[in-house]
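J.: Counting from 18, one number per residue, gives the positions in the sequence shown under our numbering.
Positions of the beta carbon are idealized from the N, C-alpha and C atoms, including for glycine.
Note that the structure is predicted; figures quoted are calculated from it, not measured.
The structure's right below; bear with me while I get my questions together.
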Amino acid sequence: MTKKHTNAAAEAANTVSARVIANYGADVELLTNQGERIIATPLKRIGMLVSGDNVSVTVTSQGGSTSARVSRLEDRSTTLSRTDRSGKIKAVAANLTQLVVVTAPAPPFDPMLIDRYTVAARNIGVDVTIVINKTDLLDSNSSAEADAIEALYTSIGYSVLRCCLTNGEGVDTLISCLHDHVSILVGQSGVGKSSLLNKLVPDLDVRTGELSKQSGLGKHTTSVTTWFALPEGGAIIDSAGVRQFSLDHIPQADVQAGFKEISEAAQYCKFTNCTHVHEPDCAVKDALAEQRISAQRFEHFTVLRENSANGRQY
Ligand SMILES: Nc1nc2c(ncn2[C@@H]2O[C@H](COP(=O)(O)OP(=O)(O)OP(=O)(O)O)[C@@H](O)[C@H]2O)c(=O)[nH]1
Ligand SMILES: [Mg+2]
Ligand SMILES: [Zn+2]
């Protein structure tokens, strides 16, 4: 901590390190390294802060009133970003080590969204855990879908967990897989991210919301992405549910890298710049024909590749 006295009687300024818990627009909520939660205003030059950012904050006391200004943003080890509607890259959270992709039978499973997150995670070099949540709601159709999701993503090398808050299934396994990670809960609105968070962090009571009776979808209950310390070490960030997670800023080569099994097969294509569409001796097409690569994953790969980073080539 540094102390500065400009006018010994009237003003004192302390600069301390802090973590960004949430960004409320003009102000951010911080947890200082002394365990204090404060609201601070970032200096203009700092730019957009997101949950998980490490910052320095200068707290100034003068004449009985206190103001807190974020004066420095530390380099981020990772930044999870999406492309917003106007095509701009928007940071969602920083300094993550893991994406926890939450899915559920209600609202219905969305495998394309899972694939978008696997690409985003590969792009920033973090682990992925897929949670099949609300297993108490599985019926014969959704049970077959859950089995297929589990089999597919496990075969690619992702860890897949089944959880249920009604009977407690999988919660301990989830807790152990979050240990010492900084994880973010992502997924559609209503899949149960905040409900899981309430289980993971004692004495927490963040708002959760029922699904719409009309649409069967979530009602976007969580609106502000928020960071929480985990009692066993590490942290978890709850995020607002999404309909789509756009990745248009990610270059084509990185889209392919995000599909592990496709990028592994592609090493054996005759041409290093093979698009796996029309070229001869294409190992990806062979793997597809032999069902070693799932047709659905390949379809998602081609859609994301078409949308990616202004068609930037390999
Ligand atoms: N049956 C069942 N319902 C669950 C389970 N987990 C959560 N729910 C319910 O699912 C609904 C949505 O839960 P939330 O935790 O608000 O979902 P969310 O993913 O945080 O949603 P957003 O904040 O809108 O993104 C709530 O009514 C929860 O009670 C579960 O394991 N089983
Ligand atoms: Mg929520
Ligand atoms: Zn090929």
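1) Quick one: what does DSSP say L202 is sitting in, helix, strand or coil?
2) Would you mind giving the Cβ-Cβ distance between L116 and A138, rounded to the nearest angstrom? I have them listed as a contact below 8 Å.
3) Between E296, E281, A57, I279, which has its C-alpha nearest K287's C-alpha?
4) May I ask you to check if the CB of K210 is nearer than 7 Å to at least one heavy atom of ligand 3?
5) Quick one: Cα of H317 to Cα of E53, how far?
6) Over what stretch of residues does the alpha helix (DSSP H) that includes R99 continue unbroken?
7) So V143 and T96 are in contact, right, with Cβ under 8 Å, and what is the actual spacing, rounded?
8) Of all residues in the structure, which have a C-beta closer than 5 Å to any heavy atom of ligand 3, taken in chain order?
9) If the criterion is Cβ atoms closer than 8 Å, does the pair A30 and T83 meet it?
10) Thinking C-alpha only, which one of D132, A121, I141 is nearest R179?
11) Would you say the beta carbon of T225 comes nearer than 7 Å to a heavy atom of ligand 2?
12) When the Cβ atoms of the region 193–209 are set against those of the region 140–156, are three or more pairs found closer than 8 Å?
13) To the nearest angstrom, how far is the alpha carbon of V87 from that of F245?
14) Helix, strand or coil: which one does DSSP assign to D164?
15) Any chance the region 264–278 sits against the region 214–221, with 3 or more Cβ pairs inside 8 Å?
16) According to DSSP, what are the bridge partners of A35?
17) Indicate the three-state DSSP secondary structure (helix, strand or coil) for Y331 in the structure shown.
18) Tell me whether G81 is buried or exposed, calling it buried when 16 or more other Cβ atoms sit within 10 Å of its Cβ.
19) Please classify H293 as buried or exposed, where buried requires at least 16 other C-beta atoms within 10 Å of its C-beta.
20) Between the region 229–242 and the region 257–264, can you find at least three pairs of beta-carbon atoms closer than 8 Å?
21) Is P248 buried or exposed, if buried means 16 or more other CB atoms sit within 10 Å of its CB?
T.: So, to answer that:
1) Here residue 202 corresponds to residue number 185 of the sequence shown, with the count starting at 1. Correct three-state label for L202: strand.
2) To locate residue 116, count along the sequence shown from 1; it is residue 99. To locate residue 138, count along the sequence shown from 1; it is residue 121. That pair is a contact at about 5 Å.
3) Looking up residue 287 in the sequence shown gives position 270. Of the listed residues, the one whose Cα sits closest to K287 is E296.
4) For the purposes of this step, residue 210 is identified with residue 193 of the sequence shown, where counting begins at 1. No, the beta carbon of K210 sits no closer than 7 Å to any heavy atom of ligand 3.
5) Taking the sequence shown and counting its residues from 1, one reaches residue 317 at position 300. Taking the sequence shown and counting its residues from 1, one reaches residue 53 at position 36. Distance between the alpha carbons of H317 and E53: 45 Å.
6) Taking the sequence shown and counting its residues from 1, the one referred to as residue 99 is at position 82. Note, R99: premise wrong, no alpha helix (DSSP H); beta strand (DSSP E) at 96–100.
7) Taking the sequence shown and counting its residues from 1, one reaches residue 143 at position 126. Taking the sequence shown and counting its residues from 1, one reaches residue 96 at position 79. Actually they do not touch by this definition, with Cβ atoms about 10 Å apart.
8) C286, C291, H293, C299, V301
9) In the sequence shown, residue 30 corresponds to position 13, counting from 1. In the sequence shown, residue 83 corresponds to position 66, counting from 1. Contact flag unset, no.
10) Reading the sequence shown from its first residue, position 162 is the one you call residue 179. Ranking D132, A121, I141 by Cα distance to R179 puts A121 first.
11) On the sequence shown, residue 225 is found 208 positions in, with the first residue counted as 1. Under cutoff, so the answer is yes.
12) yes
13) On the sequence shown, position 70 is the one that residue 87 refers to. On the sequence shown, position 228 is the one that residue 245 refers to. If I take the Cα positions, the gap works out to 20 Å.
14) Taking the first residue of the sequence shown as position 1, residue 164 is located at position 147. Three-state result, D164: helix.
15) no
16) To locate residue 35, count along the sequence shown from 1; it is residue 18. Paired residue(s): T49, V72.
17) Along the sequence shown, one-based indexing puts residue 331 at 314. Low local confidence applies: a pLDDT of 37 at Y331 is under 50, so the model's placement there is unreliable, with the coordinate-based value given in what follows. If DSSP states are grouped into helix, strand and coil, Y331 belongs with coil.
18) Position 64 of the sequence shown holds residue 81. G81 comes out exposed.
19) Here residue 293 refers to the residue found at position 276 when the sequence shown is read from its first residue. The residue is buried, with at least 16 neighbouring Cβ atoms inside 10 Å.
20) yes
21) Position 231 of the sequence shown, counting from 1, holds the residue named residue 248. Label assigned to P248: exposed.
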